[in-house]
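Scroll down for the structure; my scribbles are underneath it.
Numbering (my numbering), first residue to last: 8 to 235.
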């Protein structure tokens with residue numbers, strides 16, 4: 008490690024993997040770099056460990072990784088385009104109580120359930136989550152422009168020709184689904200549409216300014232058109 012790898016070091020309890028002590032002799036030893044190289048986002052790794060107080064045994068499991076992915080995905084969908092507010096006192100108090108991250112995460116779950124997404128984002132930012140820097144895709148965001156007769160992704164050449172009705176349909180559907188999800192706290196429909204777009208090689212981000220897209224190398228316009 009070099010630079011600002013860490014400002015404070017805390018000696019945590021035993022680290023386990025699927026309920027067993029991490030040990031080279033057991034063949035279950037790995038580093039954070041190993042997890043990153045496997046494609047596990049750093050934010051997910053952080054979330055898994057923050058769910059446990061540092062004085063308690065930390066158990067890395069595939070189930071916890073999956074839980075972290077699902078929960079963070081919902082939180083990111085809810086906080087996209089939301090301006091962060093200062094985290095609430097209960098969240099800060101949890102961290103001040105011997106760095107009780109388990110209690111802090113519980114407070115964040117309460118913020119999500121109650122729809123206080125601005126405070127959720129502020130709380131997440133304080134512990135290094137829900138930030139642009141920690142976004143799961145580290146490539147530049149591209150913006151979808153509603154130009155007559157075309158579907159243009161800024162910075163992506165060539166321009167992809169798609170009918171304006173399809174462009175508006177995708178945008179409107181996302182806006183309607185997201186608004187309904189904010190009220191119901193059920194983001195399954197939003198996540199399903201996002202998954203379909205990911206299958207087309209696109210990551211979708213909702214913000215106050217509209218719909219943001221991150222096209223990958225496997226971007227497939229035909230799959231996008233199939234969603235209409």
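Each residue gets a CB set at the ideal place from its N, CA and C atoms; glycine is no exception.
Alpha carbon to alpha carbon, what distance is there between residue j and residue i?
{"i": "residue 191", "j": "residue 206", "result": "26 Å"}
{"i": "residue 88", "j": "residue 231", "result": "23 Å"}
{"i": "residue 135", "j": "residue 50", "result": "8 Å"}
{"i": "residue 95", "j": "residue 76", "result": "24 Å"}
{"i": "residue 36", "j": "residue 138", "result": "29 Å"}
{"i": "residue 74", "j": "residue 181", "result": "24 Å"}
Could you please give me the residues that DSSP links to residue i through a beta bridge?
{"i": "residue 27", "result": "24"}
{"i": "residue 41", "result": "The partner list for residue 41 (beta bridge, DSSP) is empty, contrary to what the question assumes."}
{"i": "residue 190", "result": "The partner list for residue 190 (beta bridge, DSSP) is empty, contrary to what the question assumes."}
Could you name the residues of the same chain whose beta carbon sits closer than 6 Å to that of residue i, not counting the 5 residues immediately before and after it, in chain order?
{"i": "residue 118", "result": "126, 127"}
{"i": "residue 111", "result": "98, 101, 102"}
Using a threshold of 6 Å, is the CB atom of residue i nearer than that to any non-hydrogen atom of the ligand GTP?
{"i": "residue 116", "result": "With respect to the ligand GTP, the structure shown offers nothing to examine, as it has no ligands at all."}
Could you pull out every residue in the same chain whose Cβ sits closer than 8 Å to the Cβ of residue i, ignoring the five residues on either side in sequence?
{"i": "residue 42", "result": "52"}
{"i": "residue 198", "result": "80, 81, 84"}
{"i": "residue 30", "result": "36"}
{"i": "residue 90", "result": "125, 128"}
With a CB to CB cut of under 7 Å and the five nearest residues on each side skipped, what residues in its chain are close to residue i?
{"i": "residue 241", "result": "Any answer about residue 241 is impossible in this case: the structure gives the chain only from 8 up to 235."}
{"i": "residue 176", "result": "235"}
{"i": "residue 64", "result": "20, 21, 23"}
{"i": "residue 72", "result": "47, 51, 55"}
With a 10 Å radius around its C-beta and 16 neighbouring C-beta atoms as the bar for buried, classify residue i as buried or exposed.
{"i": "residue 86", "result": "buried"}
{"i": "residue 69", "result": "exposed"}
{"i": "residue 17", "result": "exposed"}
{"i": "residue 122", "result": "exposed"}
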